[in-house]
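Trainee: Listed in order, the protein sequences are those of chains A and B. Each step along the first sequence adds one to the number in numbering that gives the first Met the number 0, with nothing skipped, and position 104 is 103. Each step along the second sequence adds one to the number in numbering that gives the first Met the number 0, with nothing skipped, and position 256 is 255. Idealized CB from N, CA, C, for every residue including glycine.
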Amino acid sequence: MKILALDSSGLVASVAILDENQVIAEYTVNYKKTHSQTLLPMVDEIVTMTGQDLSDLAAIAVAAGPGSFTGLRIGSATAKGLGLALEKPLVSVPTLEGLAYNLYGTDRLVCPMMDARRQQVYTGLYTWQRGETDPASSMDDHPEFCIVRPQTACPVEEILTACIEEAGRTGRSLILLGDGVPVYEDLIRQRLDQAGVPYSLAPSHMNRQRAGSVGVRALALLAEGKEETAAAHAPIYLRKSQAERELEKKRSRGSET
Amino acid sequence: MIETTNELKKEDKKDKLVLAIETSCDETAAAVVKNGRDVLSNIIYSQIKVHTVFGGVVPEIASRKHIEKINPVITAALQDAGVSLKDIDVMAVTYGPGLVGALLVGVAEAKAIAYAAGKPLVGVHHIEGHISANYIEHKDLEPPFLCLVASGGHSHLVMVEDYGSYRIIGRTRDDAAGEAFDKVARAIGLGYPGGPKVDRLAAEGDSSAITFPRARIADAPDDFSFSGLKSAVLNYLNQCQMKEIKVNKADVAASFQQAVIDVLTDHTIAAARRLGVSKVAIAGGVAANSSLRKQMQEAATKNHMTFYHPSPIYCTDNAAMIGVAGYYEYLKGSRDGWDLNAVPNLKIGQR
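1) For a contact meaning CB atoms closer than 9 Å, what does Ile66 of chain B contact in chain A?
2) Please state the DSSP three-state secondary structure of Ile235 of chain A.
3) Considering Pro195 of chain B, what are the terminal residues of the alpha helix (DSSP H) in which it resides?
4) In this structure, how does DSSP classify Ile187 of chain B when only helix, strand and coil are distinguished?
5) Whole angstroms are fine: how far does the CA of Ala231 of chain A sit from the CA of Ala62 of chain A?
6) How big is the Cα-Cα spacing for Leu98 of chain A and Val342 of chain B?
7) With a threshold of 8 Å on Cβ separation, who are the neighbours of Glu131 of chain A within its own chain once the five nearest residues in sequence on each side are excluded?
8) Using 8 Å as the limit for Cβ to Cβ distance, is Ala242 of chain A near chain B?
9) Just confirm the distance between the C-beta atoms of Ala201 of chain B and Gln256 of chain B, as a whole number of angstroms; I'd bet it's less than 8 Å.
10) Would you tell me roughly how many angstroms separate the C-alpha atoms of Glu67 of chain B and Ala233 of chain A, rounded to the nearest one?
11) To which residues of the same chain is Lys15 of chain B closer than 6 Å at the C-beta, ignoring the five residues directly before and after it?
12) Would a check of beta-carbon distances place Ala219 of chain A closer than 8 Å to chain B?
13) So with CB distances below 8 Å, who are the chain B contacts of Leu246 of chain A?
14) Helix, strand or coil, according to DSSP, for Asp174 of chain B in the structure here?
15) Quick one: which unbroken alpha helix (DSSP H) runs of 4-plus residues sit fully inside the stretch 257-299 of chain B? Chain order, please.
16) Given that Asp43 of chain A touches chain B, what residues does it touch there, using C-beta distances under 7 Å?
17) Are the stretch 111-127 of chain B and the stretch 234-242 of chain B in contact at 8 Å, needing three or more beta carbon pairs?
18) So, is Ser289 of chain B buried or exposed, given that buried needs 16 or more other C-beta atoms within 10 angstroms?
19) May I have the straight-line CA-CA distance separating Arg107 of chain A from Ser172 of chain A, to the nearest angstrom?
20) Could you round the C-beta distance between Ala286 of chain B and Cys314 of chain B to whole angstroms and report it? I think they count as a contact, below 8 Å.
21) If you check the beta carbons only, do Ala210 of chain A and Lys79 of chain A fall under 8 Å apart?
22) Over what stretch of residues does the beta strand (DSSP E) that includes Tyr241 of chain B continue unbroken?
23) Could you check the C-alpha separation between Asn247 of chain B and Ser254 of chain B for me, to the nearest Å?
24) Work out the CA separation of Met41 of chain A and Tyr26 of chain A for me, nearest whole Å.
25) Can the beta-carbon of Arg123 of chain A be found less than 8 Å from the beta-carbon of Pro149 of chain A?
26) Tell me, which residues are paired with Leu145 of chain B by DSSP?
27) Out of B:Tyr235, B:Gly169 and B:Leu84, point me to the one whose CA is closest to Asn70 of chain B's CA.
28) My guess is that Ala109 of chain B and Leu120 of chain B are in contact by the Cβ rule of under 8 Å, so how many angstroms apart are they, rounded?
29) Using three-state DSSP, classify Phe53 of chain B as helix, strand or coil.
30) Measure the Cβ-Cβ separation of Ala29 of chain B and Ala91 of chain B and say whether it is below 8 Å.
31) With DSSP as the reference, please indicate the residues paired to Ala28 of chain B in a beta bridge.
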């Protein structure tokens, strides 16, 4: 089952073609250039280089959010256009789950965080646990993906508290990744050192969005039947627009008086 | 060699279908246009209700609505035209000017469709689209002609020298004409969108009740300025309030509108006379204003000029006009790559 995966949720632009067995091509750029100018040329590049026929794709996976609103829409509109033209379904992959999949199979707690500005991060908490063993190969433990805390926008303090609690409860150590880590590194180190929670910051080959990981997460979601039509797909913003927030504030003030 | 030529000729004779997408502001629109003149479908999803509560277009909300609506709007355009994507010859999309986040939705979507379906892609200038709307219902209209473009974001006098060839004659120095309508509408409590509301109320008022200024710019007779007029209206309202005089809103609307129309009409006709052009056209949202159309028609007739204007449905933002402009750009040989970006401040005639 071949999938085209896209991630333009943050500074990274990443595209990949993959199936259950291998990543056929992956192209990831972490450089300040607008996704509008890079994303589709990157798709074209890997499709041409590997001689793919787009009609062979089973689905188009996209990191659906959270992330930069504009970045999400570029990925989303690209996926929707491809889906419309190719008549293929879309798989909406929560951005933080795609990031967590960079660390497939670990028994550590995985905490991806993206800088959401306004003193907040987009974050979640994930881990893997042993699945059912395969009768044919009793040592293969089929790690199961566990969403300890689904993705949200919250203050960095809040997620660090949740990490410390979960680490204390489970005895698991922690891996942090994502573009929020360098922004809050001092605070992260201070809080975790203080709490005595063993932790590690993921190294560069796995600490940002990768379309390969988005694609593998998408295969798992597809197996659960979680696909959608290109028409129905929309980004997961996790936040209302500023204008809506202000209007709500004004209205709630109005109802108080 | 000979075969190639024959094939090209055959290709030339075939009808060209353009699928066009427009998302530069608060309308999500798609259309199918045949040979740059026949509109086979024209689907517009207007977000106006979503933005009314905010008193104007909120860019982030507009972008979110575009993403929600774009696929259904495109599918409806194909269905309405009775064609499928494989029948389409060219993809056209507005890439500027406009709200960058809104433009990006249409641009990314159009690029992906063109890429996956193997169609050539042509980026279209939004204002060149508005001007080209005149070709839809006036099959005899051909360049050269002078076009007044007046909308919420633009006030331009543009000389259309050939298909896809534009020269700016005059432009606004401050507010666009439509912007002045919106601001005055807000000041007299009509709300958003101002244009149609002022137009309707003005019909009940006396356009000579209050004398508002008609701005001229020294040394630049073809340029516009509407901020002085807007201020004059606001001053008038303030003074009435201070002196506790009851304001006749219909008279204010009518007098304000008359000042705008006088300026627009006078500038257009004067420029056309000086340039020796016998055809004048109007385009953009303000071109739907009934009094402007009437006065332009009278002035053109008096000066032995032919006056062209699109129906209101082609004055507001729509994709059919983008399909028309895209068709002529395509004929000129314009093609865009998969790296086409949105250009929020794109200039007329710039590529």
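Mentor: Looking at the atomic coordinates:
1) One-based indexing of the second sequence puts residue 66 of chain B at position 67. Neighbours of Ile66 of chain B on chain A, chain order: Leu71, Arg72, Ser75, Ala76, Lys79, His232, Ala233 and Pro234.
2) Here residue 235 of chain A corresponds to residue number 236 of the first sequence, with the count starting at 1. Coil.
3) Counting from one through the second sequence, the residue named residue 195 of chain B turns up at place 196. It spans Gly193 to Ala201 - the alpha helix (DSSP H) in which Pro195 of chain B sits, taken as one unbroken run.
4) By one-based count along the second sequence, residue 187 of chain B stands at place 188. Coil.
5) To locate residue 62 of chain A, count along the first sequence from 1; it is residue 63. To locate residue 231 of chain A, count along the first sequence from 1; it is residue 232. Going by the C-alpha atoms only, they are around 15 Å apart.
6) Looking up residue 98 of chain A in the first sequence gives position 99. Looking up residue 342 of chain B in the second sequence gives position 343. Counting only the Cα atoms, Val342 of chain B lies some 31 Å from Leu98 of chain A.
7) Indexing the first sequence from 1 puts residue 131 of chain A at position 132. Result list for Glu131 of chain A: His141, in chain order.
8) Your numbering for residue 242 of chain A matches position 243 in the first sequence. Output row for Ala242 of chain A: interface = yes.
9) Position 202 of the second sequence, counted from the first residue, corresponds to residue 201 of chain B. Position 257 of the second sequence, counted from the first residue, corresponds to residue 256 of chain B. Correct: roughly 4 Å between the Cβ atoms.
10) Position 68 of the second sequence holds residue 67 of chain B. Position 234 of the first sequence holds residue 233 of chain A. Answer to the nearest angstrom: the Cα atoms are 6 Å apart.
11) Taking the second sequence and counting its residues from 1, the one referred to as residue 15 of chain B is at position 16. The residues are Asn34 and Asp88.
12) One-based indexing of the first sequence puts residue 219 of chain A at position 220. Ala219 of chain A does not count as touching chain B.
13) The count along the first sequence starts at 1 and reaches residue 246 of chain A at position 247. Correct list: Val52 and Phe53.
14) Taking the second sequence and counting its residues from 1, the one referred to as residue 174 of chain B is at position 175. It is coil, neither helix nor strand.
15) none
16) Taking the first sequence and counting its residues from 1, the one referred to as residue 43 of chain A is at position 44. Per Cβ cutoff of 7 Å: Tyr114 and Trp337.
17) no
18) Numbered from 1 along the second sequence, position 290 holds the residue referred to as residue 289 of chain B. The residue is exposed, with fewer than 16 neighbouring Cβ atoms inside 10 Å.
19) Residue numbering aside, residue 107 of chain A sits at position 108 when the first sequence is read from its first letter. Residue numbering aside, residue 172 of chain A sits at position 173 when the first sequence is read from its first letter. Taking the straight line from one Cα to the other gives about 5 Å.
20) Counting from 1 along the second sequence, the entry for residue 286 of chain B is found at position 287. Counting from 1 along the second sequence, the entry for residue 314 of chain B is found at position 315. Taking the Cβ atoms as the reference, Ala286 of chain B lies roughly 5 Å from Cys314 of chain B, within the contact range of under 8 Å.
21) Here residue 210 of chain A refers to the residue found at position 211 when the first sequence is read from its first residue. Here residue 79 of chain A refers to the residue found at position 80 when the first sequence is read from its first residue. Contact: no.
22) The residue labelled residue 241 of chain B in the question sits at position 242 within the second sequence. A small correction: the amino acid at residue 241 of chain B is Met; Tyr does not occupy that position in the sequence shown. Segment Ser226 to Met241 is the alpha helix (DSSP H) holding Met241 of chain B; no beta strand (DSSP E) there.
23) Locating residue 247 of chain B in the second sequence gives position 248, counting from the first residue. Locating residue 254 of chain B in the second sequence gives position 255, counting from the first residue. Near 11 Å, if we compare the C-alpha coordinates of Ser254 of chain B and Asn247 of chain B.
24) What you label residue 26 of chain A is simply residue 27 of the first sequence in a count that begins at 1. What you label residue 41 of chain A is simply residue 42 of the first sequence in a count that begins at 1. Tyr26 of chain A and Met41 of chain A: Cα-Cα distance of roughly 7 Å.
25) If you number the first sequence from 1, residue 123 of chain A lands on position 124. If you number the first sequence from 1, residue 149 of chain A lands on position 150. First, the residue type needs correcting, since residue 123 of chain A is Gly and not Arg in the sequence shown. Yes, Cβ-Cβ distance for Gly123 of chain A and Pro149 of chain A is below 8 Å.
26) As a first step, residue 145 of chain B is located in the second sequence; it is residue number 146 there, counting from the start. Beta-bridge pairing links Leu145 of chain B to B:Met158 and B:Val279.
27) Taking the first residue of the second sequence as 1, we reach residue 70 of chain B at position 71. Comparing Cα-Cα distances from Asn70 of chain B to each of B:Tyr235, B:Gly169 and B:Leu84, the minimum goes to B:Leu84.
28) What you label residue 109 of chain B is simply residue 110 of the second sequence in a count that begins at 1. What you label residue 120 of chain B is simply residue 121 of the second sequence in a count that begins at 1. Rounded, the Cβ-Cβ distance is 7 Å, consistent with contact.
29) Position 54 of the second sequence holds residue 53 of chain B. Three-state result, Phe53 of chain B: coil.
30) Along the second sequence, read from residue 1 onward, the residue named residue 29 of chain B stands at position 30. Along the second sequence, read from residue 1 onward, the residue named residue 91 of chain B stands at position 92. In this structure, Ala91 of chain B does not lie closer than 8 Å to Ala29 of chain B by Cβ.
31) The residue you call residue 28 of chain B lines up with position 29 of the second sequence. Answer is B:Glu21 and B:Ile43.
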